[in-house]
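Heads up: the sequence lines are chains Y and V, in that order. Count along the first sequence starting at 1, add 279, and that's the number in the working numbering. Count along the second sequence starting at 1, add 279, and that's the number in the working numbering.
There are 2 protein chains.
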Amino acid sequence: MSSMTIGEVAERTGLSVHALRFYEREGIMANPVARDTGGRRVYSEDDVEWLIVCTVLRASGMPMTAIRQYTDLVRHGEGNEKERLALLREHEERVTDQMDQLTRCLDLIRYKIAVYEDALGADS
Amino acid sequence: MSSMTIGEVAERTGLSVHALRFYEREGIMANPVARDTGGRRVYSEDDVEWLIVCTVLRASGMPMTAIRQYTDLVRHGEGNEKERLALLREHEERVTDQMDQLTRCLDLIRYKIAVYEDALGADS
DNA sequence: GTACGAGCTAGAGCCGACTCTAGGTCAAGT
DNA sequence: ACTTGACCTAGAGTCGGCTCTAGCTCGTAC
Numbered sequence: 280m281s282s283m284t285i286g287e288v289a290e291r292t293g294l295s296v297h298a299l300r301f302y303e304r305e306g307i308m309a310n311p312v313a314r315d316t317g318g319r320r321v322y323s324e325d326d327v328e329w330l331i332v333c334t335v336l337r338a339s340g341m342p343m344t345a346i347r348q349y350t351d352l353v354r355h356g357e358g359n360e361k362e363r364l365a366l367l368r369e370h371e372e373r374v375t376d377q378m379d380q381l382t383r384c385l386d387l388i389r390y391k392i393a394v395y396e397d398a399l400g401a402d403s
Numbered sequence: 280m281s282s283m284t285i286g287e288v289a290e291r292t293g294l295s296v297h298a299l300r301f302y303e304r305e306g307i308m309a310n311p312v313a314r315d316t317g318g319r320r321v322y323s324e325d326d327v328e329w330l331i332v333c334t335v336l337r338a339s340g341m342p343m344t345a346i347r348q349y350t351d352l353v354r355h356g357e358g359n360e361k362e363r364l365a366l367l368r369e370h371e372e373r374v375t376d377q378m379d380q381l382t383r384c385l386d387l388i389r390y391k392i393a394v395y396e397d398a399l400g401a402d403s
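As C-alpha cells, then:
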C-alpha cells in the first residue's frame with residue numbers, strides 16, 4: 280500500500296483528516312503531498328512515516344513551530360545536519376526536564392495518596 | 280508572615296497575580312480568601328500551601344476541572360476521603376501514563392540524535 | 001495635596017492546536 | 001439518473017489556561 284487516501288492515513292496515524300490537512304497547511308510535510316486527477320491527496324509510505332515521527336514529537340510536547348523548523352531543514356536537503364541535531368537536542372532536554380518535573384510531582388501525589396490510604400485504613 | 284498580599288503570594292508561588300485571581304474565580308481555593316477593610320485579599324499560610332499543592336498538580340497536567348473537583352471535596356470537609364483518593368489515583372495514572380509515553384518518545388529522539396551524531400562524525 | 005504603586009472588578013483578548021462548517025467536486029454503486 | 005460517501009477549500013469556532021485592559025479605590029511618601 281504505497282499510496283493512500285487521507286482517510287487511510289488518518290486511520291494509520293491516529294490523526295484526524297482535519298489534523299492532516301492542518302499539518303500540511305502549517306508546512307510540516309517534508310515533501311509536498313501528491314494529488315490525483317480530482318485534486319485529492321495521495322500519500323506515500325514516506326509521507327506516513329514522516330507523519331508518525333511528527334506525532335511522536337508532538338506527543339512529547341514539541342511545539343508546532345519547532346516541528347516546522349525541523350521540517351524546513353529536512354525539506355531543504357543535506358548540509359544542515361548540525362542544525363537538525365541542535366533542534367533534536369533541544370527537544371531532548373525539554374523532554375527530560377519534563378520527566379524530572381513529573382517525577383517530582385509524582386512524589387507529592389503518592390505521598391498524598393498514602394496519607395489518604397492510611398486515614399481510610401487497610402481497605403480502600 | 281502568616282498574612283500576605285497577593286503580590287507576595289505571587290512571588291512565593293510563582294503564579295502571577297492575574298493567575299491567583301483567576302484561580303479564585305475558578306473556585307480552586309480550599310477556603311475563601313480573607314479581605315482587609317479596603318477589600319484587598321489577605322492570604323494565610325494555609326492558602327499559600329494549598330496553592331503550592333495546586334501548582335504541583337497543574338505542573339503534572341491535572342486539568343483545572345479535576346483540581347476544582349478535588350477542591351470542592353476538600354472544602355466540603357471530612358467524609359469524602361474515598362472520593363479524594365479516587366481523584367488522586369486517577370491523576371497518578373495520568374502522570375505515569377504520560378511518563379511512559381515520554382520514555383517511548385525519548386527513545387526515538389535519542390535514536391535520531393545518534394544517527395545525526397554518527398553522520399556528522401565524532402565531533403559535534 | 002498629590003503622585004505613586006498596589007490592589008480591586010468585569011470582561012475582553014490571546015495562544016496553541018486543533019475541529020468544524022459551508023458549500024462544492026467527483027467516482028462508484030443501485 | 002441519482003444518491004452516497006469520501007474528498008476538497010477557506011475560513012470560522014472551540015477549548016484550556018491564562019493574560020491583559022479599563023477604570024476605579026486605597027494608603028503611604030514626598
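Ideal Cβ placement from N, Cα and C applies to all residues, glycine included.
Any Cβ of chain Y closer than 8 Å to the Cβ of V/GLN380 would place that residue at the interface, and such an atom is present. Closest option to V/VAL327, judged by alpha-carbon separation, among V/SER339, V/LEU387, V/GLU287, V/LEU352: V/GLU287. Rounded to the nearest whole angstrom, the CA to CA distance from V/ARG354 to Y/SER339 is 35 Å. At a cut-off of 8 Å between beta carbons, Y/TYR390 makes no contact with chain V.
By alpha-carbon distance to V/GLU360, the top candidate from Y/ARG291, Y/PHE301, Y/VAL394, Y/GLY317 is Y/VAL394. When the beta-carbon positions are compared, Y/LEU294 and Y/LEU336 stay at least 8 Å from each other. Here Y/ALA309 carries a coil assignment [DSSP, helix/strand/coil]. Taking all protein chains shown into account, Y/THR292 has 16 or more neighbouring C-beta atoms within 10 Å of its C-beta and is therefore buried. Around the beta-carbon of Y/HIS297, fewer than 16 other beta-carbon atoms lie within 10 Å, marking it exposed. Taking 8 Å as the threshold, the shortest C-beta distance from Y/GLU360 to chain V falls below it.
Fewer than three beta-carbon pairs drawn from the segment 299-310 of chain V and the segment 380-396 of chain Y are found closer than 8 Å, and the two stretches are therefore not classed as touching. Residue burial is scored here from C-beta neighbours: Y/ARG383 has fewer than 16 other C-beta atoms within 10 angstroms and is therefore classed as exposed. Within a 10 Å sphere around the beta-carbon of V/MET280 sit fewer than 16 other beta-carbons, which makes this residue exposed.
Listed along the chain, the chain Y residues whose CB falls inside 9 Å of the CB of V/GLN348 amount to none; the nearest CB is some 15 Å away.
Counting along the chain, the unbroken alpha helix (DSSP H) around V/ARG337 starts and ends at 324-338. The Cβ of Y/LEU366 sits no closer than 8 Å to any Cβ of chain V. Taken through DSSP and simplified to helix, strand or coil, V/MET378 comes out as helix. Cα atoms of V/SER323 and Y/ASP376: separation of roughly 32 Å, rounded to the nearest angstrom.
In the structure shown, Y/MET343 falls within a helical segment according to DSSP collapsed to helix, strand and coil. Checking the DSSP bridge columns, you'll see V/ARG314 partnered with V/ARG320. Taking a beta-carbon distance threshold of 8 Å, Y/CYS333 does not count as an interface residue toward chain V.
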